[in-house]
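**Student:** Taken in order, these protein sequences are the chains called A and B.
Note that the numbering used here numbers the first sequence so that position 361 is 361, with each residue one more than the last.
Note that the numbering used here numbers the second sequence so that position 310 is 671, with each residue one more than the last.
Protein chains: 2
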Amino acid sequence: MNLKEFAHRIGLSPTTVSRALNGYPEVSERTRRKVLESAERLGYTPNSRAARLATGRAMTIGHILPLSKEHEMVNPIFSDFIAGAGEQYSKSGYDLSLSVVRDEEEAEAYRDLATRGVVDGVVIHGPKVEDPRIRLLRDLDLPFVVHGRSSQAHGEYNWVDVNNRRAFSRATEFLLDLGHRRIGLINGLDGMDFATRRLNGYGDALAARGIARDPDLVFSGEMTENYGFATTMQMLGSQNPPTAILISSIIPAMGARRALHDLGIGLGDEVSIVIHDDDLSYFRNEGDVPIFTATRSSVREAGRLCADILLDSIRGAQEERRHVLLEADLTLGQSTGPAPAMRHLLERGRAEALRRPHTLT
Amino acid sequence: MNLKEFAHRIGLSPTTVSRALNGYPEVSERTRRKVLESAERLGYTPNSRAARLATGRAMTIGHILPLSKEHEMVNPIFSDFIAGAGEQYSKSGYDLSLSVVRDEEEAEAYRDLATRGVVDGVVIHGPKVEDPRIRLLRDLDLPFVVHGRSSQAHGEYNWVDVNNRRAFSRATEFLLDLGHRRIGLINGLDGMDFATRRLNGYGDALAARGIARDPDLVFSGEMTENYGFATTMQMLGSQNPPTAILISSIIPAMGARRALHDLGIGLGDEVSIVIHDDDLSYFRNEGDVPIFTATRSSVREAGRLCADILLDSIRGAQEERRHVLLEADLTLGQSTGPAPAMRHLLERGRAEALRRPHTLT
DNA sequence: TTCATCGTTCAAAGCGATTTCAAGTTTCGC
DNA sequence: GCGAAACTTGAAATCGCTTTGAACGATGAA
């Protein structure tokens, strides 16, 4: 049933019905109630295709999921992020459009979404240090929000990010406090903004204690389980292995744990691990004492925040760009302990060494 | 720029331009080339909102992601499935609409998609043994395809499923052949069709060897890492622990492995594990010898197949319903070995026992 | 009583494409 | 060279809604 017929059936004009349904103030309360009740009873729902053409609004937010040929993997945090964002879209009557494209076609995909008029705004995932998409979307005049940041991008834009630098410097400091001096870093792909910030946080903390960064202990790659396994194997098989490892996600951490087990090395006593935990719904690092010591920040919550900001900015509720910097809390788990050297000291009863670990050599 | 203006600029009527762009045969090749080239040059792209109203087609496929309050988790296979399906949609010029809703609102969400006219078809995820959505979509007259099956549903419908029963009976037989007699099953949520079929396959294989199913060895739940850990702990801590475990997904299998390690039990020698592997992109069970012995079937490929079938059925290319039953191959990994009892025999040199294991008691 | 005002309602003109139906132009056989 | 058939093109209707501008009746002030 279309508007015309519905309006006719209840003895009103399409104009009035439309206004009643869309909450315009010109219709009397009596009429509005009648319209709403009749719509319910007769099962009338406005056709969105027509409404979108008439209003010029798509009532849809776009997300683009690029798949690269080389490492064709879907980021495991994607689904949780989408769940968070999608929840908010639903509440506001927006739809979510997801485009899966080959990554060399990504720019074209944004352009396409914009010119075809199928979305009112988009979310940028996985920004690089220097990300051309920000410039592109500005040029297209399409509202957007970035999940993460792009350090080299100039100008203002909406973003929601974790304080990656702080999280990783804190985690590193924590390990240093435990006496660790050789600390590995299994990071995300080179060029990703978050990976760069995490590397910097790690580097800062080391530098603050006068420790040189050993390139043999730093890895970047796509965060699969196998990647965590392979890099951990490599580090622990080397001449001068680390006593602790920072890992950018719980997925490669599973691989790292597997490597430790295969090598018969104890997690938390012989080698410590601190991860960054996105709080994935199917992979919770929880329990009385969580498995991993972790810097945690819910990616689902980040999705919600991105959605809220983008919707606000589309509705024009606010002009200036918004930024949210989420602090990751450092939760203590079972995967960390004093460095072997430190343990040695402890065993000799010099417990205060742990309390002022930076006084150690 | 809209059609009218574009047509005017290149000295043609909107009619002709529309036809040229949409590949209708009535326009001469010369004109079509001119239109296509001008569109490229002037940057004209038809507005999809208008096209959708005019054609009555949404050129969009809907997916609904329900989140339950109790176990609010996003199925980890979701993103890989979507990646596969989305790939095909893009190729055919379709968009993908994703609705995130609370699970008690799921039926309403389908109804809404249908009456608002925003999708031309939908994919049903995670069907239950008796799934009301099939009836609902039939009533709504909305084309659909089910990823999985619904055993109790009557009538024909499109589906793409893994031969879960066969996969699990084969896996069980394989373990039986290795001499295992107490075999645990860590399954998906009760009521899910795939979980029921897997349970049946497991039960069939046991029955064929005259082994009674022990309810203490069968678990159903949402497939998180922690679930795998907890159930494994429980089984192995019991009076009469299993020597082998079947696990419905690689995620809980990670938890199971953690449990084994915590208990100091060797994986593959003391306790064997066979998993069902959806071949998730960020969690590949690969290598010269894969970590886990597994029944494998790519969920991404299933996504592609679902998309193809649904698109065909929307385009009316075919009337009858289509079914695809994917066979999962059983790949040998490092997580299985002869049962301890069997190992005993082997050590005594009775190697042929392994070759004809069903002759054993 | 009259007129201005306010609150409601409606007719009709969009939104920007597609598609029907009619008309104009070629092509081709005889 | 003519008429029919085959190609091409275009004018206008249509999709189902929103929204502008006008009209209507009721209300209240003068």
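We put the beta carbon where it would ideally sit given N, CA and C, even for glycine.
Being a predicted model, the structure only gives us computed values, none of them experimental.
1) State the DSSP-derived secondary structure class of Met615/B, mapped to helix, strand or coil.
2) Hey, quick one: how far does the beta strand (DSSP E) through Leu503/B stretch, first residue to last?
3) Return the bridge partner residues of Arg296/A from the DSSP annotation.
4) Check the DSSP bridge columns for Leu426/B and list the partner residues they point to.
5) Put Phe219/A into one of helix, strand or coil per three-state DSSP.
6) Please state the DSSP three-state secondary structure of Gly482/B.
7) Grab me the residues of Ser18/A's own chain with a C-beta within less than 7 angstroms of its C-beta, minus the 5 sequence neighbours each way, in chain order.
8) Which word fits Asn383/B, buried or exposed, when buried means at least 16 other C-beta atoms lie within 10 angstroms of its C-beta?
9) Out of curiosity, what's the CA-to-CA distance linking Arg499/B and Glu433/B?
10) Does the Cβ of Arg394/B have 16 or more other Cβ atoms within 10 Å, making it buried, or fewer, making it exposed?
11) By the DSSP assignment, the beta strand (DSSP E) with Asn519/B in it spans what residues?
12) Can you list, in chain order, the residues of its chain with a C-beta nearer than 8 angstroms to that of Ser238/A? Leave out the 5 residues immediately preceding and following it.
13) Compare the C-beta of Met553/B against all C-beta atoms of chain A and say whether one is closer than 8 angstroms.
14) So, at 8 angstroms on beta carbons, what are the nonlocal neighbours of Tyr89/A in its own chain, with the 5 sequence-adjacent residues on each side left out?
15) May I ask you to report which of helix, strand or coil DSSP gives Asp112/A?
16) Should Glu156/A and Arg296/A be called a contact, given that it needs their Cβ atoms to be closer than 8 angstroms?
17) Which term fits Arg477/B, buried or exposed, when burial requires 16 or more other beta carbons within 10 angstroms of its beta carbon?
18) Strictly under 8 angstroms for the Cβ-Cβ distance: is Gly589/B near chain A by that measure?
19) If you drop the 5 nearest sequence neighbours on each side, which residues of the same chain put their C-beta closer than 7 angstroms to that of Ile626/B?
20) Any contact between the region 237 to 254 of chain A and the region 121 to 130 of chain A? By contact I mean 3 or more CB pairs, one from each, below 8 angstroms.
21) Does any CB atom of chain B fall closer than 8 angstroms to the CB of Gly86/A?
22) Measuring only from the beta carbon, is Leu672/B closer than 7 angstroms to any heavy atom that is part of the ligand COA?
23) Asp639/B: buried (16+ other C-beta within 10 angstroms of its C-beta) or exposed?
24) Between the alpha carbons of Leu539/B and Gly698/B, how many angstroms are there, rounded?
25) Contact between the region 502 to 512 of chain B and the region 559 to 573 of chain B is defined here as three or more beta-carbon pairs at a separation below 8 angstroms; is this criterion met?
26) Verify the CB distance criterion: does Pro504/B have a CB-CB separation below 8 angstroms to chain A?
27) Counting C-beta neighbours from all protein chains within 10 Å, is the total for Glu104/A 16 or more, i.e. buried, or is it exposed?
28) Return the CA-CA distance between Ala411/B and Glu5/A, expressed in angstroms with no decimal places.
29) How big is the Cα-Cα spacing for Leu666/B and Ala446/B?
30) Candidates Thr604/B, Leu560/B, Arg558/B and His637/B: which alpha carbon is nearest His541/B's?
31) Between which two residues does the alpha helix (DSSP H) harbouring Asn187/A extend?
32) Of the choices Leu140/A, Ile186/A and Pro290/A, whose alpha-carbon is the least far from that of Glu225/A?
33) Quick check on the DSSP output: the beta strand (DSSP E) that includes Pro247/A runs from which residue to which?
34) On the three-state DSSP scale, how would you describe Asn363/B?
35) Between Pro437/B and chain A, is any beta-carbon pair separated by less than 8 angstroms?
**Tutor:** Per the coordinate set shown:
1) Reading the second sequence from its first residue, position 254 is the one you call residue 615/B. Note: Met615/B maps to helix in three-state DSSP.
2) For the purposes of this step, residue 503/B is taken as residue 142 along the second sequence, with counting starting at 1. Taken as a continuous stretch (DSSP letters only), Leu503/B belongs to no beta strand (DSSP E), as it is neither H nor E.
3) In the first sequence, counting from the first residue as 1, residue 296/A sits at position 296. Asp277/A and Asp329/A, per the DSSP bridge assignment.
4) Within the second sequence, residue 426/B is the residue found at index 65, counting from 1. Paired residues: Val461/B.
5) Here residue 219/A is taken as the residue at index 219 of the first sequence, counted from 1. In the structure shown, Phe219/A sits in a strand (DSSP, three-state: E or B).
6) Position 121 of the second sequence, counted from the first residue, corresponds to residue 482/B. Gly482/B falls in the strand class under three-state DSSP.
7) Numbered from its first residue, the first sequence carries residue 18/A at position 18. Only Leu3 meet the Cβ criterion.
8) On the second sequence, residue 383/B is found 22 positions in, with the first residue counted as 1. Answer is exposed; the Cβ neighbour count stays below 16.
9) Residue mapping note: residue 499/B aligns to position 138 of the second sequence, counting from 1. Residue mapping note: residue 433/B aligns to position 72 of the second sequence, counting from 1. Roughly 28 angstroms between the two C-alpha positions.
10) Taking the second sequence and counting its residues from 1, the one referred to as residue 394/B is at position 33. Under this definition Arg394/B is an exposed residue.
11) Here the question's residue 519/B lines up with position 158 in the second sequence. That run of the beta strand (DSSP E) goes Asn519 to Val523.
12) Stepping through the first sequence from its first residue, residue 238/A is reached at position 238. Closer than 8 angstroms at the Cβ level, and outside the excluded window around Ser238/A, lie Asp216.
13) Taking the first residue of the second sequence as 1, we reach residue 553/B at position 192. Output row for Met553/B: interface = no.
14) Here residue 89/A corresponds to residue number 89 of the first sequence, with the count starting at 1. Excluding residues within five positions, the ones whose Cβ falls inside 8 angstroms are Ile61, Asp95, Leu96, Ala307 and Leu311.
15) Here residue 112/A corresponds to residue number 112 of the first sequence, with the count starting at 1. Helix.
16) Position 156 of the first sequence, counting from 1, holds the residue named residue 156/A. Position 296 of the first sequence, counting from 1, holds the residue named residue 296/A. In this structure, Arg296/A does not lie closer than 8 angstroms to Glu156/A by Cβ.
17) Here residue 477/B is taken as the residue at index 116 of the second sequence, counted from 1. It is buried - the Cβ of Arg477/B has at least 16 other Cβ atoms within 10 Å.
18) Counting from one through the second sequence, the residue named residue 589/B turns up at place 228. With 8 angstroms as the cut-off, Gly589/B does not count as an interface residue toward chain A.
19) Sequence index remark: in the second sequence, residue 626/B carries index 265 (1-based). Here the set comprises Leu597 and Val632.
20) Because the criterion of three Cβ pairs below 8 angstroms is not met, the region 237 to 254 of chain A and the region 121 to 130 of chain A do not touch.
21) In the first sequence, the residue the question calls residue 86/A occupies position 86. Cβ-Cβ to chain B under 8 angstroms: yes for Gly86/A.
22) Ligands in the displayed structure: none, and consequently the ligand COA is not present.
23) Residue numbering aside, residue 639/B sits at position 278 when the second sequence is read from its first letter. Buried is the call here.
24) Working through the second sequence from its first residue, we reach residue 539/B at position 178. Working through the second sequence from its first residue, we reach residue 698/B at position 337. Roughly 7 angstroms between the two C-alpha positions.
25) Flag = no, the region 502 to 512 of chain B and the region 559 to 573 of chain B do not touch.
26) Here residue 504/B refers to the residue found at position 143 when the second sequence is read from its first residue. Pro504/B does not count as touching chain A.
27) Along the first sequence, read from residue 1 onward, the residue named residue 104/A stands at position 104. That one is exposed.
28) Taking the first residue of the second sequence as position 1, residue 411/B is located at position 50. Taking the first residue of the first sequence as position 1, residue 5/A is located at position 5. Cα to Cα, Ala411/B sits roughly 22 angstroms from Glu5/A.
29) Position 305 of the second sequence, counted from the first residue, corresponds to residue 666/B. Position 85 of the second sequence, counted from the first residue, corresponds to residue 446/B. About 7 angstroms.
30) Mapped onto the second sequence, residue 541/B falls at position 180. For the residues Thr604/B, Leu560/B, Arg558/B and His637/B, the minimum Cα distance to His541/B belongs to Thr604/B.
31) Stepping through the first sequence from its first residue, residue 187/A is reached at position 187. Careful: Asn187/A lies outside any alpha helix (DSSP H), inside the beta strand (DSSP E) at Ile183 to Asn187.
32) Here the question's residue 225/A lines up with position 225 in the first sequence. Looking at the Cα atoms, Ile186/A is the closest of the given residues.
33) For the purposes of this step, residue 247/A is identified with residue 247 of the first sequence, where counting begins at 1. Before going on, a small fix: residue 247/A reads as Ile here, not Pro. Secondary structure note for Ile247/A: its beta strand (DSSP E) is the uninterrupted segment Ala244 to Ile247.
34) Within the second sequence, residue 363/B is the residue found at index 2, counting from 1. In the displayed model, Asn363/B falls within coil according to three-state DSSP, outside both helix and strand.
35) Residue 437/B sits at position 76 when you count from the first residue of the second sequence. With 8 angstroms as the cut-off, Pro437/B counts as an interface residue toward chain A.
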